[in-house]
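Worksheet: the structure to be examined is printed underneath.
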Amino acid sequence: MSEFLKVSDNFLRKPTIEFLTEEPPAELHIEIIREGAGAEVKPGDQLSCHYLGQVWNGNHFDNSYDRGAPLDFTVGVGMVIQGWDQGLLGLREGTRVVLSIPSSMGYGDRGVPQAGIMGGDTLVFVTDIVKVN
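Read left to right, the sequence shown gives residues 347 to 479 (this note's numbering).
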């Protein structure tokens, strides 16, 4: 169990997050909630992932579960924030993972204010790796 947060283990269902500490990890923190047995994620792979994004101990800013469709993207090539590009590599299809992403690997000092992400915010993504191509 993480010293930072607790996440529900209902693969492909919208997760719940309970924060166990006020202070986020200083570095990229990767915690596998459910280990998948499918293909391993490598740079350049096309992924299909469900996710919930939240500011550390703050508001949810986005999730794919409510839309009913996972996000498709190429990993490891700069299509997504650096925390995803690095944090998902080596994991397997069918995995639920929590990524605590420091600002430097997310949206930096500029943030995305229209989404409720301020400069310097640590982000938390619960990500279900649905498919690896």
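Note that CB positions come from ideal geometry on N, CA and C, so glycine has one too.
The structure presented is a predicted model; accordingly, all values stated were derived computationally and were not measured.
Inter-residue CB distance, residue i and residue j (contact presumed, cutoff 8 Å)
{"i": "GLY452", "j": "GLY422", "result": "No, GLY452 and GLY422 are not in contact; Cβ-Cβ is about 16 Å, not under 8 Å."}
{"i": "LEU393", "j": "LEU434", "result": "7 Å"}
{"i": "ILE463", "j": "GLY454", "result": "Contact doesn't hold; Cβ gap of about 10 Å is too wide."}
{"i": "SER449", "j": "GLY466", "result": "5 Å"}
{"i": "HIS375", "j": "PHE350", "result": "7 Å"}
Residue from the options with nearest C-alpha to residue i
{"i": "ILE475", "options": "GLU381, ASP467, LEU374 and SER348", "result": "GLU381"}
{"i": "ASN479", "options": "THR420, VAL353, THR468 and HIS396", "result": "THR420"}
{"i": "PRO389", "options": "GLY424, GLY454 and THR468", "result": "GLY424"}
{"i": "ARG442", "options": "GLN460, GLU349, PHE350 and LYS477", "result": "LYS477"}
{"i": "ILE379", "options": "LEU437, THR468 and PRO459", "result": "LEU437"}
{"i": "VAL426", "options": "GLU373, GLU369 and ASP391", "result": "ASP391"}
{"i": "PHE357", "options": "PRO370, GLN460, GLU349 and TYR411", "result": "TYR411"}
{"i": "ASP431", "options": "PRO370, ALA461 and VAL387", "result": "VAL387"}
{"i": "ASP355", "options": "GLU377, PRO371 and PRO370", "result": "GLU377"}
Contacts around residue i, its chain only, beta-carbon distance under 6 Å, and the 5 residues preceding and following it disregarded
{"i": "VAL310", "result": "As shown, the chain starts at 347 and ends at 479. That puts residue 310 outside it, with no answer to give."}
{"i": "GLU373", "result": "none"}
{"i": "ASP418", "result": "SER394"}
{"i": "ALA385", "result": "GLU439 and VAL478"}
{"i": "PRO416", "result": "SER394, CYS395, HIS396, SER410 and VAL476"}
{"i": "SER348", "result": "GLU377"}
Close beta carbons around residue i, own chain, < 7 Å, minus the five adjacent residues each side
{"i": "ASN409", "result": "LYS360, TYR397, LEU398 and GLY399"}
{"i": "ALA383", "result": "ARG438 and GLY440"}
{"i": "PRO371", "result": "PHE350 and SER446"}
{"i": "GLU468", "result": "The sequence shown places Thr at residue 468, rather than the Glu named in the question. Within the same chain, THR468 has close Cβ partners PRO370, TRP402, SER446, ILE447, PRO448 and SER449."}
Should the segment 402-418 be called in touch with the segment 348-366, which here means at least 3 C-beta pairs below 8 Å?
Counting C-beta pairs with one atom in each stretch, the segment 402-418 and the segment 348-366 have three or more that are closer than 8 Å, which means they touch.
Kindly provide the ranges of any beta strand (DSSP E) runs that are 3 or more residues long and lie completely inside the segment 365-447, ordered along the chain. Correct list: 375-380, 392-401, 406-409, 417-420 and 442-447.
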